[in-house]
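Structure first, then comments.
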Amino acid sequence: MSTPPPALATPLSGPRFQQTSADLYAQMRRTHGPVAPVLLDADVPAWLVLGYREVQYVVSNPEIFGRDSRRWNAWDRVPPDWPLLPLLAYQPTMMFAEGAEHRRRAAALDEALGAVDQFELGARAQQVADRLVDAFAGRGEADLITEYADGIPLPVVARMIGVPDAETADLVSDVYRTHAAGEGANEAYARVRDKVRRMVESKRRAPGPDVTSRLLAHPAALADEEITEDLLHLMNAGQLPTAYWIGNTLRLMLTDDRFAMTLAGGRRSVGQALNEVLWEDTPTQNFPGRFAVHDLRLGGRQIRQGDLLILGLAAANQDPLVRPVPQASTGNQAYLSFSHGEHRCPYAAQEIAKVIAEAAIEVLLDRLPDVGLAVPAGTLAWRPSPLFRGLAALPVRFTPAW
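Rendered as structure tokens:
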């Protein structure tokens, strides 16, 4: 049985959370310290770990903070249509695996991803990006989120793992429904899972030069169900955060004078902008979760066995104890945007995301060198999500290109 929601728990929802989440995290830190009580959809209680050192401690001690969501003590509070079920309901994927089982599956995925030809990957990303620009280049205006950033990562990742090109459009739609955590999220997740399952079965019969076939042939002897679940996680993780990374970086370059000065020729600033976004506006804001293996104290809070801890990656990146001067550390890569510890985003996956994002931004700058924001920066709105931060739209104008 779960404990009742702590006093002064902050809902991870609403206009203030969506538009000015950094300010809200700062207020929560002042009120509660490095670990704050929060409420998820349907007032389900959890702890948000805001402190940089506290997040590192949680993810570095899996024997104290387990990953298996069956440990959670609040399942009695979760309604059957809860929109976060796709991300928290236990599944036989390496995301929820612990110990030796997690290491076995993570090693196989790391090796399969590490064998990806990054030159070929970048060329595919450029191809997808060029095709999207072709569709709106003659209009002189576009929405760089729905018409561009949203459409790039998954077709590239899908080709990489072996999904037929004809199925990627439906996958994109359903992946977004899943992560928007709204109506229809659970049904969308089921459709995506079925597509991936059928793709794994086809690769078992006819392997090719792709990640799925390498997983099937790996000495870890992964079962089809294991590969299906791990690829599903890979696709979800590869689409939404990468699309938001592209969109958030384009926003930075179009609204910040430091980047606008070099936008027309902009290659020198693309890598810097991508890195700064991971510090200042990381796409994965909050990540569930870890579950207390036993009663303990963390950041001055009493955590009960089975309590859910959400990793506040964005808040940790802004922790004044490690970043007393804003933007002073954006040149290094000590951010927690890809998490940390054994359940972090694999290094090979991080590099794949960077190749895709960099290619997307460079293609746009090359094709539309005078692109500029079409609305006041202060009117840009963010998509509603307790976990991710990405723009709903990024309207731009430019000289029509034929």
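The numbering used here numbers the first residue of the sequence shown as 14 and each following residue consecutively. C-beta atoms are modelled at their ideal positions from N, C-alpha and C, and glycine is treated no differently.
Is residue i buried or exposed, if buried means 16 or more other CB atoms sit within 10 Å of its CB?
i           : result
residue 249 : buried
residue 296 : buried
residue 243 : buried
residue 325 : buried
residue 298 : buried
residue 34  : buried
residue 399 : buried
residue 55  : exposed
residue 279 : Its pLDDT being 45, under 50, residue 279 is placed unreliably in this model, and the coordinates cannot settle the point.
residue 3   : The chain is shown from 14 up to 415; residue 3 falls before or after that span and cannot be answered.
residue 372 : buried
residue 415 : exposed
residue 28  : exposed
residue 214 : exposed
residue 404 : buried
residue 211 : exposed
When the distance is taken between beta carbons, is residue j closer than 8 Å to residue i?
i           : j           : result
residue 347 : residue 38  : no
residue 316 : residue 256 : no
residue 206 : residue 245 : yes
residue 198 : residue 191 : yes
residue 87  : residue 57  : yes
residue 111 : residue 83  : no
residue 75  : residue 289 : no
residue 123 : residue 173 : no
residue 285 : residue 305 : no
residue 138 : residue 338 : no
residue 410 : residue 154 : yes
residue 233 : residue 357 : no
residue 146 : residue 314 : no
Following the continuous beta strand (DSSP E) through residue i, name the residue where it begins and the one where it ends.
i           : result
residue 323 : 321 to 325
residue 135 : No beta strand (DSSP E) holds residue 135; the alpha helix (DSSP H) holding it covers 131 to 149.
residue 316 : 314 to 316
residue 101 : Here residue 101 belongs to no beta strand (DSSP E); instead the alpha helix (DSSP H) covers 98 to 101.
residue 219 : It is not in any beta strand (DSSP E) - residue 219 carries neither H nor E in the DSSP assignment.
residue 409 : 408 to 410
residue 309 : 309 to 311
residue 299 : 299 to 305
Got a sec, what are the start and stop residues for the alpha helix (DSSP H) residue i sits in?
i           : result
residue 112 : 112 to 127
residue 376 : 360 to 380
residue 399 : It is not in any alpha helix (DSSP H) - residue 399 carries neither H nor E in the DSSP assignment.
Could you give the DSSP three-state label for residue i: helix, strand or coil?
i           : result
residue 204 : helix
residue 255 : helix
residue 230 : coil
residue 170 : helix
residue 177 : coil
residue 199 : helix
residue 153 : coil
residue 349 : coil
residue 245 : helix
residue 334 : coil
residue 354 : coil
residue 235 : coil
Checklist entry - Whole beta strand (DSSP E) runs in the segment 22 to 95 with 3 or more residues, listed along the chain? => result 48 to 53, 57 to 62
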